[in-house]
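The sequence shown: position 217 = 217 (my numbering), numbered continuously. Cβ atoms here follow ideal geometry from the backbone N, Cα and C, with glycine treated the same way. Have a look at the structure below before the remarks.
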Amino acid sequence: MQVFRGFRHPGVAPACALTIGNFDGVHRGHQAMLALLQTEARHRGLPSCVLTFEPHPRDYFAAATKKPDVAPARIGTLRDKLTELAACGVAQTIVLPFDGRLASQSPEQFIQNVLIEGLGARYVLVGDDFRFGAKRAGDYAMLDEAGDAHGFDVARMNSYEVHGLRVSSSAVRDALAEGRMADAQHLLGRPYTISGHVVHGRKLGRALGASAPGKDDGFRTLNMRFKHWKPAASGIFAVLVHGLADQPLPGVANLGVRPSLDANDVNAGRVLLETHCLEWPSHLGAEGAYGKIARVELLHKLHDELRYTSLEALTAGIAKDGRDARAFFASTHAETHRQTTRDRI
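Spelled out as structure tokens, the structure:
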């Protein structure tokens with residue numbers, strides 16, 4: 001999949017079959033829409049194209065009005081969104097910066113400047129709640145009328161439902177916020193994962209764990225730091241780490257801002273995904289994971305973030321989280337074994 005920042009790039013296809021949206025999480029509803037887009041693109045001999053926005057429009061307005069609390073929690077990072085769009089077979093994705101200029105465009109200007117002149121849209125597929133332009137004044141009827149006038153087809157896809165329930169990014173966010181990881185997986189159509197580069201931290205985990213029984217090398221962690229991301233999920237999780245070994249590595253992870261540490265550490269209040277592998281892969285050594293891209297699959301929430309009153313209490317808490325994660329994996333393995341036995345019978 002080709003990715004472009006903005007549409008003023010010579011590599012952008014001169015014509016396309018297009019869909020527009022934030023695509024936060026790329027859930028099962030999004031996947032159904034992208035499958036329809038692919039079908040229409042092939043039928044018309046056009047590349048499939050997704051137009052998405054960064055930052056999220058609501059993030060922009062939250063910053064512009066100095067009301068950070070109204071910014072939505074996000075399911076995935078831009079990296080994860082692009083990974084999932086590529087997995088759906090999208091030919092090219094345009095990441096359009098959402099700024100004051102774009103926010104002030106009228107619906108008519110957006111159609112002319114972006115859809116017609118910028119992307120050469122020949123087919124436009126949108127969701128049933130699609131709005132666009134300044135003050136969200138544009139709707140499906142306006143877009144359909146513009147298509148008739150300018151020679152591009154417009155289609156609308158109804159909400160995607162599972163067992164009578166509408167699949168939406170809001171539903172996924174709610175499930176993640178409440179720690180209902182199985183429900184989130186059902187809505188997403190895959191386990192919930194977060195990916196990023198492994199970066200250096202304070203290496204406090206090594207010192208903390210050195211006093212714990214059987215942890216002479218400490219609680220080594222894989223750190224991913226996110227500067228502009230407010231995740232829907234937070235807390236302590238049993239996880240699987242992909243990308244560092246031939247097989248996924250079981251572990252326990254903290255997603256949040258580490259309330260037990262002072263505000264002067266290198267994290268500086270930014271969101272951090274800090275993962276301790278239950279069995280550290282020997283081939284990585286002490287420093288071998290830095291700079292690598294890892295993908296962390298959040299399987300089960302153990303508890304919310306906690307504020308510990310001392311390093312000793314923090315050490316004991318991390319050790320307990322490790323034991324609880326091991327117990328989760330043991331129970332999951334036992335259930336899988338029972339299911340396999342029943343299937344054979």
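Just to confirm, is the Cβ distance from residue 294 to residue 198 under 7 Å?
Result yes, Cβ atoms of residue 294 and residue 198 sit closer than 7 Å.
Kindly give me the distance between the Cβ atoms of residue 82 and residue 65, rounded to whole angstroms, as I take these residues to be in contact under 8 Å.
Not a contact, Cβ separation roughly 28 Å.
Ignoring anything shorter than 3 residues or poking outside the region 75–116, list the beta strand (DSSP E) runs there in chain order.
92–97
Return the residue from the list 243, 234, 310 that minimises the CA-CA distance to residue 304.
234
Assign residue 332 to one of three DSSP states: helix, strand, or coil.
helix
Per DSSP, what kind of secondary structure is residue 70 in: helix, strand or coil?
helix
So is residue 43 buried or exposed if we call it buried at 16+ other beta carbons inside 10 Å?
exposed
Is there contact between the region 139–146 and the region 165–182, where contact requires at least three CB pairs shorter than 8 Å?
No: the two stretches stay apart, fewer than three of their Cβ pairs being nearer than 8 Å.
Inter-residue spacing [alpha-carbon to alpha-carbon] between residue 25 and residue 232:
11 Å
Residue burial classification, residue 247 (beta-carbon count within 10 angstroms, cutoff 16)
Burial state of residue 247 is exposed, judged by a 10 Å Cβ sphere holding fewer than 16 other Cβ atoms.
What three-state label does DSSP hand residue 210 in the structure shown?
Any answer about residue 210 is weak, because its pLDDT of 48 lies below 50 and its placement is not dependable; what the coordinates show is given next. Residue 210: coil per DSSP, three-state reduction.
Nearest-angstrom Cα separation, counted from residue 226 out to residue 353
Given a span of 1 to 345 for the chain in the structure shown, any question on residue 353 remains unanswerable.
Contact check, residue 17 vs residue 37, beta carbons under 7 Å
yes
Does the beta-carbon of residue 315 have 16 or more other beta-carbons within 10 angstroms, so that it is buried, or is it exposed?
Burial call: buried.
Classify residue 6 as buried or exposed, calling it buried when 16 or more other Cβ atoms lie within 10 Å of its own Cβ.
exposed
Is it buried or exposed, residue 258, if we count other Cβ atoms within 10 angstroms and call 16 or more buried?
Counting Cβ neighbours within 10 Å, residue 258 comes out buried, since at least 16 surround it.
Classify residue 151 as buried or exposed, calling it buried when 16 or more other Cβ atoms lie within 10 Å of its own Cβ.
exposed
From residue 47 to residue 195, what distance separates their C-alpha atoms?
Cα-Cα distance, rounded: 27 Å.
Rounded to the nearest angstrom, how far is the Cβ of residue 4 from that of residue 55, given a contact under 8 Å?
Not a contact, Cβ separation roughly 17 Å.
Where does the unbroken beta strand (DSSP E) through residue 153 begin, and where does it stop?
153–157
Residue 72 to residue 230, Cα distance in whole Å?
8 Å
Between which two residues does the alpha helix (DSSP H) containing residue 60 stretch?
57–64
Should residue 149 go down as buried or exposed, given a rule of 16 or more other Cβ atoms within 10 Å for buried?
exposed
How about residue 252 and residue 322: are their beta carbons less than 7 Å apart?
yes
Since residue 242 is in the beta strand (DSSP E), which residue starts that stretch and which ends it?
235–242
Quick one: grab the DSSP three-state call for residue 184.
helix
What would DSSP say about residue 279, mapped onto helix, strand or coil?
coil
Euclidean distance between Cα positions of residue 298 and residue 108:
43 Å
Using C-beta distances below 7 Å, list every residue in its chain close to residue 317, excluding the 5 sequence neighbours before and after it, in chain order.
Same-chain partners within the cutoff: 306, 308.
Give me the residue from 77, 162, 34 with the minimum Cα distance to residue 186.
162
Can you give me the C-alpha to C-alpha distance between residue 278 and residue 331, rounded to a whole angstrom?
Cα to Cα, residue 278 sits roughly 16 Å from residue 331.
Residue 254 and residue 236 look like a contact to me (Cβ under 8 Å); what is the Cβ gap, rounded to whole Å?
6 Å
Endpoints, beta strand (DSSP E) assigned at residue 17:
16–20
Just to confirm my understanding: we take residue 126, look at its own chain, exclude 5 residues before and 5 after, and list those with CB closer than 8 Å. What are they?
19, 20, 21, 140, 143, 154, 155, 156, 157
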